[in-house]
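Participant: Line by line, the protein sequences are chains A and B.
For this note's numbering, add 152 to where a residue sits in the first sequence, where the first one is 1.
For this note's numbering, add 85 to where a residue sits in the second sequence, where the first one is 1.
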Amino acid sequence: MKLTLRIWRQSGPEAPGKLVDYVLDDVSPDMSFLEMLDVLNEKLILDGAIPVTFDHDCREGICGSCGVVVNGAPHGPQTLTTTCQLHMRSFSDGDTIVVEPWRSAAFPIVKDLMVDRSAFDRIIQSGGYVSVSTGAAPEAHSQLVPKPDADLAFENAECIGCGACVAACPNGSSMLFVSAKISHLNVLPQGQPERESRVVNMVEQMDAEGFGGCTNTGECTNACPKGIPQSSIARLNREYLRASLTGKR
Amino acid sequence: MSENTETPNTESENAGTPNFAGGADAAMPYVLGEDLVDKAAPDGPIETRWSRRKFAAKLVNPANRRKHKVIVVGTGLAGGSAGATLAEQGYHVIQFCFQDSPRRAHSIAAQGGINAAKNYRNDGDSVRRLFYDTIKGGDFRARESNVHRLAEVSVQIIDQCVAQGVPFAREYSGLLDTRSFGGVQVQRTFYARGQTGQQLLLGAYQALSRQIDAGNVEMHARHEMLDLIVIDGRARGIIARDLVTGEVSTYMADAVVLASGGYGNVFYLSTNAKNSNASAIWRAHRRGAYLANPCYTQIHPTCIPRSGDYQSKLTLMSESLRNDGRIWVPKQTGDTRSPELIPEDERDYYLERIYPSFGNLVPRDIASRAAKNVCDEGRGVGPGGLGVYLDFADAIKRLGEDKVREKYGNLFDMYQRITGENPYKVPMRIYPAIHYTMGGLWVDYDLQSTIPGLFVIGEANFSDHGANRLGASALMQGLADGYFVLPPMLGNYLASTKLAPVDASAPEAVAAHTESTERLAKLLAVNGDRTPDSFHKELGNLLWDNCGMARNDAGLRKALSRIAELREEFWTRVKVPGTGAELNQSLEKANRIADFIEFGELMVLDALVRSESCGGHFREESQTPDGEALRDDDNFAYAAAWEFTGVGSQPVLHREHLQFDEVHLAQRSYA
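(1) Applying a beta-carbon distance threshold of less than 8 Å, which residues of chain B neighbour F185/A?
(2) For H550/B and R226/B, I'd like the C-alpha separation in whole angstroms.
(3) What are the boundary residues of the beta strand (DSSP E) that includes W727/B?
(4) Along chain B, in chain order, which residues have C-beta atoms closer than 7 Å to that of S278/A?
(5) Assuming G159/B contacts A377/B (C-beta within less than 8 Å), just tell me the rounded distance between them.
(6) Tell me whether A100/B sits in a helix, a strand or coil according to DSSP, three-state version.
(7) Name, please, each residue of chain A whose Cβ falls closer than 8 Å to the Cβ of D244/B.
(8) Under 9 Å, CB to CB, which of the residues in the region 207-220 of chain A have a partner in chain B?
(9) Rounded to the nearest angstrom, what separates S166/B and P298/A at their Cα positions?
(10) Measuring alpha carbon to alpha carbon, tell me which residue in Q291/B, L641/B, T664/B, I243/B is nearest S186/B.
(11) So, does the CB of A277/B fall closer than 8 Å to a CB anywhere in chain A?
(12) Please list, in chain order, the residues of the region 506-536 of chain B that have any C-beta partner in chain A closer than 7 Å.
(13) Could you check if F684/B is buried or exposed, using at least 16 other CB atoms within 10 Å of its CB as the buried criterion?
(14) Closer than 8 Å between beta carbons: that is the criterion. Which residues of the region 312-339 of chain A meet it against chain B?
(15) Which value, in whole angstroms, describes the spacing of the CA atoms of I481/B and P203/A?
(16) For the putative contact between I131/B and S239/B, defined by C-beta atoms under 8 Å, what is the C-beta separation to the nearest angstrom?
(17) Going by beta-carbon coordinates alone, are H239/A and M183/A separated by less than 8 Å?
(18) Below 8 Å on the Cβ atoms is my guess for I515/B versus G349/B; work out the distance and round it to an integer in Å.
(19) When the Cα of K404/B is compared with those of L738/B, D262/B, G268/B, D218/B, which residue comes out closest?
(20) Pick helix, strand or coil for R422/B, following the three-state DSSP scheme.
(21) Within 8 Å (strictly less), CB to CB, does M499/B reach chain A?
(22) Which residues, in order along the region 393-408 of chain B, keep a beta-carbon less than 8 Å from a beta-carbon of chain A?
(23) Identify every residue that forms a DSSP beta bridge with L261/B.
(24) According to the neighbour-count rule (16 or more other Cβ atoms, all chains shown, within 10 Å of its Cβ), is S442/B buried or exposed?
(25) Short check: CB of L261/B to CB of F253/B, under 8 Å?
(26) For P517/B, name the three-state secondary structure that DSSP assigns.
(27) Spell out a yes or no on whether the region 439-453 of chain B and the region 406-426 of chain B are touching, meaning 3 or more CB-CB pairs, one atom from each, closer than 8 Å.
(28) May I have a chain-ordered list of the beta strand (DSSP E) segments no shorter than 3 residues that lie completely inside the region 726-756 of chain B?
(29) Taking C-alpha atoms, which residue in Q744/B, F703/B, F729/B, L690/B lies nearest to M75/B?
(30) Measuring only the C-alpha atoms, how far is D394/B from D719/B?
(31) Report the rounded CA-to-CA distance for S384/A versus S345/B, giving the unit in angstroms.
(32) Tell me whether the beta-carbon of G365/A lies closer than 8 Å to the beta-carbon of S325/A.
(33) What does V414/B touch in chain A if you count any residue whose Cβ is under 7 Å from its own?
(34) In this structure, does DSSP put F272/A in helix, strand or coil?
(35) Buried or exposed for S278/A, going by 16 or more other Cβ atoms inside 10 Å?
(36) Hey, out of G118/B, V116/B, A194/B, V122/B, whose CA is closest to V744/B's CA?
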């Protein structure tokens with residue numbers, strides 16, 4: 153395949169950026185999207201140019217490092233798929249592909265396609281855990297967890313923290329990310345003692361980071377490579393309301 | 086310093102005598118040094134060694150812990166759990182990871198599960214059996230004391246993770262579910278669908294996050310360790326580069342913990358994450374830490390075959406698939422019919438045929454070699470004939486598609502995304518790939534390297550898996566080290582060692598800083614005509630061909646001389662664009678590849694010297710009549726700990742002789 157890539161280039165957080173066109177011949181449909189960028193970068197190095205910077209690591213869709221906006225869609229056209237798992241068979245010969253970084257006030261651009269998602273870490277630090285120090289745990293079978301609860305917790309714990317939900321949201325909201333962690337921990341018996349403080353603290357941190365509010369557009373769920381459902385956001389709202397009403401923090 | 090924490094003699098000047106006895110035919114390019122003894126492990130009954138060691142350990146008063154700074158490099162299962170636990174105990178932790186967040190370390194990609202001797206199934210499991218299985222699975226090349234401790238601690242790990250809210254798979258009763266894994270006949274593997282590593286890592290990451298919030302951990306993400314600072318023979322700090330600004334800084338501490346993972350990416354193509362690298366352990370090795378058994382690499386039998394030259398990594402399909410999938414190839418060579426057209430009696434379910442009692446669940450090294458053998462016979466399937474079928478048709482018939490989807494859905498989806506084929510309809514194609522490395526920095530029972538104050542945990546050390554790791558044991562070891570083994574032993578070191586105050590102006594620290602920046606400048610200055618990746622690919626191909634699934638004397642010698650040339654070529658022809666004072670991924674890569682080349686050289690030498698076969702190390706010269714690995718216990722029942730003497734100069738081999746008092750040395754049999 154022959155492709156034209158229109159890629160966002162920006163040398164640093166404060167530098168002006170622009171879209172630059174590159175033409176690649178001989179793209180195999182079996183290549184992954186990032187392998188296609190590797191091929192471009194090898195070419196750029198030999199041409200004496202600066203290669204395109206992008207975050208990536210496991211290339212198995214689980215670490216959450218990668219993520220670019222492909223033709224307007226975070227992680228590209230294939231549903232439930234991270235950028236690293238997107239393959240070039242999703243495109244056709246002669247296509248022009250526009251590649252941009254996540255765009256959100258809370259995710260400043262570091263360089264080219266790489267953004268700073270440390271706001272997510274700070275949200276988890278504000279309460280996305282169960283406070284159990286090593287050694288203090290009771291026997292694993294001392295507390296039963298009904299299978300449906302365990303499954304629900306698991307489905308939300310699958311969140312990889314990639315930030316596609318924020319990139320997709322017209323408001324730049326991180327409600328899906330926060331709701332996934334709340335839905336993971338607040339439905340489990342282990343999460344009960346901190347149920348209220350967790351949701352209040354995480355929501356406060358989310359607001360402090362400059363993420364927008366949720367207006368239920370559902371774009372986040374569509375873009376989520378792990379299929380975190382919109383119902384998790386409803387649960388987050390319920391948990392927050394519950395914590396506010398009971399006054400427990 | 087107490088008797089128990091004394092580390093082995095690291096003096097090398099007077100230790101070496103030239104060695105000409107390594108191979109029957111020719112001299113080997115190394116020097117045989119003094120034997121190495123692990124002085125930290127207590128004697129006596131193996132069941133009580135760990136509790137006696139803990140009791141003998143000195144303690145740091147809780148009020149004094151805050152005064153001790155501890156550096157932890159890496160935030161995977163080992164590093165994340167260690168950082169969190171040390172901080173909970175009150176130490177001042179300074180932690181580093183090269184990823185943008187501590188949640189992304191490659192432990193996250195572990196799929197299948199974590200072993201623990203809980204015996205919830207009442208199927209005859211016990212600490213003793215997990216110990217026995219691990220020693221046997223490691224082909225009698227691991228230290229008994231360490232492995233027994235690992236089995237003991239395994240039960241606490243599950244308790245800890247459940248309390249953190251790790252959503253393990255459960256039965257309808259609300260109890261934890263378990264499944265079986267390769268190399269064992271009990272169901273002791275706890276799992277969270279096909280994402281066990283992710284869930285365990287998020288548990289550790291969240292525990293670490295709690296400590297970051299509490300101000301007990303100073304977290305430096307997007308920072309990479311460039312060097313280790315050794316002062317008065319003790320590890321006292323590291324040099325690290327801020328990958329965003331390019332700034333190179335000095336960090337001082339009372340002890341350094343490396344949890345930087347394995348070196349599988351030396352092969353270029355592996356199931357490791359793209360940025361996983363050996364630089365932290367290699368830099369420590371260059372500063373005096375012995376490196377043990379680098380030739381022990383694990384080749385995982387169930388990976389998606391490569392599709393072209395542009396391939397950047399290989400993707401694992403969890404071993405758990407072998408519980409329900411059946412592996413086969415056509416009986417006839419050159420049979421190119423599509424799989425559904427090959428009738429049952431023309432298929433060879435070769436693992437079930439050769440190993441009737443373990444069948445598709447033989448250990449990884451055996452399954453990998455069997456796949457290589459049938460492909461070498463010309464019976465491989467798919468492009469290039471480098472693949473075998475992993476077929477779920479029977480499982481779908483027996484359990485229904487829904488049940489299979491519930492168990493393995495995410496793996497099937499991943500397979501389909503990568504290959505474009507639907508594994509519910511067409512058998513998967515799989516082929517072995519480099520997955521895990523059992524070798525690593527040598528550590529004693531306290532997990533301390535030959536440099537006092539340098540502790541090494543998780544995949545970065547060599548200690549528990551011998552020559553082959555059993556499935557679902559990597560997660561167990563990483564968390565055992567980080568949550569339960571390192572913290573008391575690190576405390577013992579700090580409590581029993583008088584450390585002079587040092588800062589970044591110490592001559593050793595200044596020298597390490599200068600060397601690091603000069604090396605980066607040198608990489609940028611070459612401005613040659615080859616990309617860093619082109620060297621990495623060439624190194625990888627060379628190692629896969631000569632130091633991969635099967636190794637022989639001639640191939641290893643050829644690789645050894647070619648790597649030396651490649652090293653020279655790298656420093657004259659590599660082209661690294663940009664500068665060091667900015668985010669520069671090419672520079673990061675080149676710096677790691679320079680270390681991989683030096684590392685590869687030692688790995689090949691280790692493989693050459695070990696002329697026996699054991700576990701994942703298969704020397705063609707040493708096999709049974711039916712092609713199984715044949716150990717040579719008289720000559721090789723030791724861990725090979727290598728001492729660095731300079732680039733291109735002959736390293737010194739120190740042998741730690743292994744004793745097997747509990748499990749008797751025997752030829753492994755899974756037939």
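Glycine residues also receive a C-beta, built at the ideal position from the N, C-alpha and C atoms.
These numbers were taken from a predicted model, which means no experiment stands behind them.
Facilitator: Inspection of the coordinates gives the following:
(1) As a position in the first sequence, residue 185/A is number 33, starting the count at 1. Here the premise fails: no neighbours, minimum Cβ distance about 11 Å.
(2) By 1-based counting over the second sequence, the position of residue 550/B is 465. By 1-based counting over the second sequence, the position of residue 226/B is 141. Using only the alpha carbons, I get a separation of about 8 Å.
(3) Working through the second sequence from its first residue, we reach residue 727/B at position 642. Unbroken beta strand (DSSP E) run through W727/B: 723-728.
(4) The count along the first sequence starts at 1 and reaches residue 278/A at position 126. Per Cβ cutoff of 7 Å: D298.
(5) On the second sequence, position 74 is the one that residue 159/B refers to. On the second sequence, position 292 is the one that residue 377/B refers to. Actually they are not in contact, since the Cβ atoms of G159/B and A377/B sit about 19 Å apart, beyond 8 Å.
(6) The count along the second sequence starts at 1 and reaches residue 100/B at position 15. Interpretation of A100/B is limited by its pLDDT of 39, a score under 50 that renders its predicted location unreliable; no figure is taken from the coordinates.
(7) Residue 244/B sits at position 159 when you count from the first residue of the second sequence. The contacting residues are A289, P290, E291, A292.
(8) D207, H208, D209, C210, R211, E212, G213, I214, C215, G216, S217
(9) Taking the second sequence and counting its residues from 1, the one referred to as residue 166/B is at position 81. Taking the first sequence and counting its residues from 1, the one referred to as residue 298/A is at position 146. S166/B and P298/A: Cα-Cα distance of roughly 27 Å.
(10) As a first step, residue 186/B is located in the second sequence; it is residue number 101 there, counting from the start. Here the closest residue by C-alpha is Q291/B.
(11) As a working note, residue 277/B is residue 192 in the second sequence. Yes, A277/B lies at the interface with chain A (some Cβ there is under 8 Å from its Cβ).
(12) none
(13) Counted from its first residue, the second sequence places residue 684/B at position 599. Classification of F684/B: buried, given that the 10 Å Cβ count is 16 or more.
(14) I312, G313, H336, L337
(15) Working through the second sequence from its first residue, we reach residue 481/B at position 396. Working through the first sequence from its first residue, we reach residue 203/A at position 51. Approximately 47 Å between the Cα atoms of the pair.
(16) Looking up residue 131/B in the second sequence gives position 46. Looking up residue 239/B in the second sequence gives position 154. Between S239/B and I131/B the Cβ distance is about 15 Å, and since that is not below 8 Å, they are no contact.
(17) Here residue 239/A is taken as the residue at index 87 of the first sequence, counted from 1. Here residue 183/A is taken as the residue at index 31 of the first sequence, counted from 1. Yes, Cβ-Cβ distance for H239/A and M183/A is below 8 Å.
(18) Within the second sequence, the letter at position 430 stands for residue 515/B. Within the second sequence, the letter at position 264 stands for residue 349/B. That pair is no contact at about 18 Å.
(19) Counting from one through the second sequence, the residue named residue 404/B turns up at place 319. Looking at the sequence provided, one finds Glu at residue 404/B rather than Lys. Among L738/B, D262/B, G268/B, D218/B, the Cα nearest to that of E404/B is on G268/B.
(20) One-based indexing of the second sequence puts residue 422/B at position 337. Note: R422/B maps to coil in three-state DSSP.
(21) As a working note, residue 499/B is residue 414 in the second sequence. True, the Cβ-Cβ gap to chain A drops below 8 Å.
(22) G393, Y395, Q396, S397, K398, T400, L401
(23) As a first step, residue 261/B must be located in the second sequence, where it is residue number 176. Note: L261/B sits in a beta bridge opposite R255/B.
(24) Taking the first residue of the second sequence as 1, we reach residue 442/B at position 357. So S442/B ends up on the exposed side.
(25) In the second sequence, residue 261/B corresponds to position 176, counting from 1. In the second sequence, residue 253/B corresponds to position 168, counting from 1. Against a cut-off of 8 Å, the Cβ pair of F253/B and L261/B comes out as a contact.
(26) Position 432 of the second sequence, counting from 1, holds the residue named residue 517/B. Three-state DSSP puts P517/B in a strand.
(27) yes
(28) 737-742
(29) Examination of residue 75/B is not possible in this model, given that chain B is present from 86 through 756 alone.
(30) Within the second sequence, numbered from 1, the residue matching residue 394/B stands at position 309. Within the second sequence, numbered from 1, the residue matching residue 719/B stands at position 634. Distance between the alpha carbons of D394/B and D719/B is about 43 Å.
(31) Looking up residue 384/A in the first sequence gives position 232. Looking up residue 345/B in the second sequence gives position 260. So the two alpha carbons sit approximately 35 Å from each other.
(32) Stepping through the first sequence from its first residue, residue 365/A is reached at position 213. Stepping through the first sequence from its first residue, residue 325/A is reached at position 173. Yes, Cβ-Cβ distance for G365/A and S325/A is below 8 Å.
(33) Mapped onto the second sequence, residue 414/B falls at position 329. Those within 7 Å of V414/B in chain A number zero; the least Cβ separation is about 22 Å.
(34) Residue numbering aside, residue 272/A sits at position 120 when the first sequence is read from its first letter. Of the three classes helix, strand and coil, the one that applies to F272/A here is helix, per DSSP.
(35) Within the first sequence, residue 278/A is the residue found at index 126, counting from 1. The residue in question, S278/A, is buried, as its Cβ has 16 or more Cβ neighbours within 10 Å.
(36) What you label residue 744/B is simply residue 659 of the second sequence in a count that begins at 1. According to the sequence provided, residue 744/B is Gln. The question's Val does not apply to it. Nearest option by C-alpha distance: V122/B.
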